[in-house]
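Line order of the protein sequences matches chains A and B.
My numbering applies: residue 1 is where the first sequence begins, and numbers increase by one.
My numbering applies: residue 1001 is where the second sequence begins, and numbers increase by one.
Don't be surprised by glycine CBs; every beta carbon is placed ideally from N, CA and C.
Bear in mind that the values here come from a model prediction, so they are computed numbers and not experimental data.
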Amino acid sequence: AQSVTQLGSHVSVSEGALVLLRCNYSSSVPPYLFWYVQYPNQGLQLLLKYTTGATLVKGINGFEAEFKKSETSFHLTKPSAHMSDAAEYFCAVSDRGSGNTGKLIFGQGTTLQVKP
Amino acid sequence: DSGVTQTPKHLITATGQRVTLRCSPRSGDLSVYWYQQSLDQGLQFLIQYYNGEERAKGNILERFSAQQFPDLHSELNLSSLELGDSALYFCASSVDSGNIQYFGAGTRLSVL
C-alpha cells in the first residue's frame, strides 16, 4: 500500500531564509506526486505536481520540488521565505496507470512558521 | 476561489444525529472526492464518485454514505454521529480520475 511520510510536523524559518519541507513516499511504482498548501480556515490549494518528465517541478509562489526516484523523495523548497508562506503543507501521492482512481494519499502535514 | 462550493461552512450537532454535507463541483468536472481531516487521523480519503457512480472507497464508516446526482453535485450523509466524527470534511473535484483535484473550503462538523 502507498504511504507518505513528511519529516517534521513543524518547521520554523526566518523571513528570507531557505524553506525545505521533506516528503518521502512508499510505493512499488513511482506514483504521481503533489504538494498542497492549506491556509487557516481555507481549503487545500495545489502548489505543484509531478507526473512525468523533468524531475524538477516549479510551482506557484516560488516553490519547487524535485522527484528523486532513488531516494523515493519529493522535497519542497523555496529559496527565500515570505511571511505569507506561513501555512500547513501537505505532500500527497496517487496511483498512476490504468484503473487509477486519482484518490490522494496525504502525509501528516508540516506547519511552516516564518519568523520576522 | 477553487470553483468548488461546499455548504454549510459550519455544522454543530449532537451525538446520534444525522447530517448532510453538500458539494457543488467545478463546472465541467465529473469526478467528486470526499476527504476527512481530523487531528488524530490527518487527511483521509473517504469516497469518490464519477458521473453519478461510485468509483472508489476509502476509510469510510458504514454510518456514512454519499451520492452524486445527475447535476453532478454530491452529498455526504453522516448518521448516528459520534464525538469522534468531529472534523473538517472536504470535497474536491476533477475533470476525470487522475487529474488535478480542486478543493472546496470544507465543512467543519462539531458533534457535541
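Apart from the five residues just before and just after residue i, which ones in its own chain have a Cβ nearer than 7 Å to its Cβ?
i, result
"B:His-1010", "Arg-1108"
"A:Leu-56", "Glu-64, Glu-66"
"B:Glu-1082", "Thr-1015, Val-1111"
"B:Asp-1085", "Leu-1078, Leu-1109, Val-1111"
"B:Ser-1080", "Gly-1016, Arg-1063"
"B:Leu-1043", "Tyr-1035, Gln-1037"
"A:Met-83", "Glu-15, Val-114, Pro-116"
Can you find the residues in the same chain that come closer than 8 Å, C-beta to C-beta, to residue i, ignoring five residues on each side of it along the sequence?
i, result
"A:Ser-9", "Gln-108, Gly-109, Thr-110, Thr-111"
"A:Arg-96", "Val-29, Pro-30, Pro-31, Tyr-32, Thr-51"
"A:Val-11", "Val-19, Leu-20, Leu-21, Thr-110, Thr-111, Leu-112, Gln-113"
"A:Glu-71", "Asn-24"
"B:Asp-1096", "Leu-1030, Ser-1031, Tyr-1050"
"A:Asp-85", "Val-19, Asn-61, Lys-78, Leu-112, Val-114"
"B:Leu-1088", "Gln-1036, Gln-1037, Ser-1038, Gly-1106, Thr-1107, Arg-1108, Leu-1109"
"A:Leu-44", "Tyr-36, Val-37, Gln-38, Phe-90"
Would you call the CB atoms of residue i and residue j closer than 9 Å?
i, j, result
"A:Trp-35", "A:Ala-54", "no"
"A:Gly-16", "A:Ala-87", "no"
"B:Gln-1037", "B:Asn-1059", "no"
"B:Glu-1075", "B:Leu-1021", "yes"
"A:Gln-38", "A:Phe-90", "yes"
"B:Gly-1098", "A:Ser-94", "yes"
"B:Ser-1002", "B:Arg-1018", "no"
"A:Pro-116", "A:Ser-14", "yes"
"A:Ile-105", "B:Phe-1045", "yes"
"B:Phe-1064", "B:Ile-1047", "yes"
"A:Thr-101", "B:Ala-1056", "yes"
"B:Ile-1100", "A:Lys-49", "yes"
"B:Cys-1023", "B:Ser-1094", "no"
"A:Leu-46", "B:Tyr-1102", "yes"
"A:Lys-103", "B:Tyr-1033", "yes"
If you follow the beta strand (DSSP E) that residue i is part of, which residue opens it and which one closes it?
i, result
"B:Asn-1114", "The structure shown has nothing for residue 1114 of chain B, since chain B only spans 1001 to 1112."
"B:Gln-1017", "That residue, B:Gln-1017, is in no beta strand (DSSP E); it is neither H nor E in DSSP."
"A:Ala-17", "A:Ala-17 -> no beta strand (DSSP E), and no H or E assigned at all."
"A:Phe-67", "64-68"
"A:Gln-6", "3-7"
"A:Glu-88", "87-94"
"A:Leu-112", "110-115"
"A:Ser-84", "From DSSP, A:Ser-84 is part of no beta strand (DSSP E); its letter is neither H nor E."
"A:Val-29", "Element bounds for A:Val-29: n/a, residue is neither H nor E."
"A:Lys-78", "73-78"
"B:Leu-1109", "1107-1111"
"B:Thr-1005", "1005-1007"
Only counting the same chain, and skipping five residues up and downstream in sequence, which positions put a Cβ closer than 6 Å to that of residue i?
i, result
"B:Thr-1112", "In the sequence on display, residue 1112 of chain B carries Leu and not Thr. Excluding residues within five positions, the ones whose Cβ falls inside 6 Å are Ala-1014."
"B:Gly-1052", "Gln-1068"
"B:Leu-1072", "Pro-1025"
"A:Ser-26", "Ser-3"
"A:Lys-58", "Glu-64"
"B:Thr-1007", "Arg-1022"
"A:Leu-7", "Arg-22"
Quick one: complete beta strand (DSSP E) runs, 3+ long, within the segment 1027-1089 of chain B?
-> Listed in chain order, they are 1031-1038, 1042-1050, 1053-1057, 1064-1068, 1074-1078.
Which ranges would you report for the beta strand (DSSP E) in the segment 33-57 of chain A if only whole runs of at least 3 residues count?
-> Segments of the beta strand (DSSP E) lying fully in the segment 33-57 of chain A: 44-50.
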